[in-house]
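In this note's numbering, the protein residues as written are 5 to 89.
Using N, Cα and C, we set each Cβ at its ideal position, and we do this for glycine too.
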Amino acid sequence: MKINPSNKEIYTDSGTFLKRLHCPIGVMWNDMKENGSNTRMCSNCEKTIHDTERLSDAELEHLLANDPQACLKVNLNQNNVKIIH
């Protein structure tokens, strides 16, 4: 996965655009209730937030194909993240 931190757009390693990250709420991951493997529930918007740290590009594409509005947690220090500009 590639991310441009200035515009918060994420791409596959091959350059396919996946999503622009946007959360107007800004709830901290540790403040959310666990609701599954690598997911948490945001108590403000009641959406499931998916941790991308262990997802491959194919898994992320599949997740977003099934739910384009899925909320994602991406840490710039993840092993599967390459920062682009």
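When the beta-carbon positions are compared, His-26 and Lys-12 come within less than 8 Å of each other. Here the alpha carbons of Ala-74 and Ser-18 stand approximately 21 Å from one another. Listed as beta-bridge partners of His-54 by DSSP are Thr-43, Leu-76. Here Leu-22 is near Leu-64, since their CB atoms are less than 8 Å apart.
Judged by beta-carbon spacing, Ser-41 lies beyond the 8 Å limit of His-89, meaning their Cβ atoms are not closer than that value.
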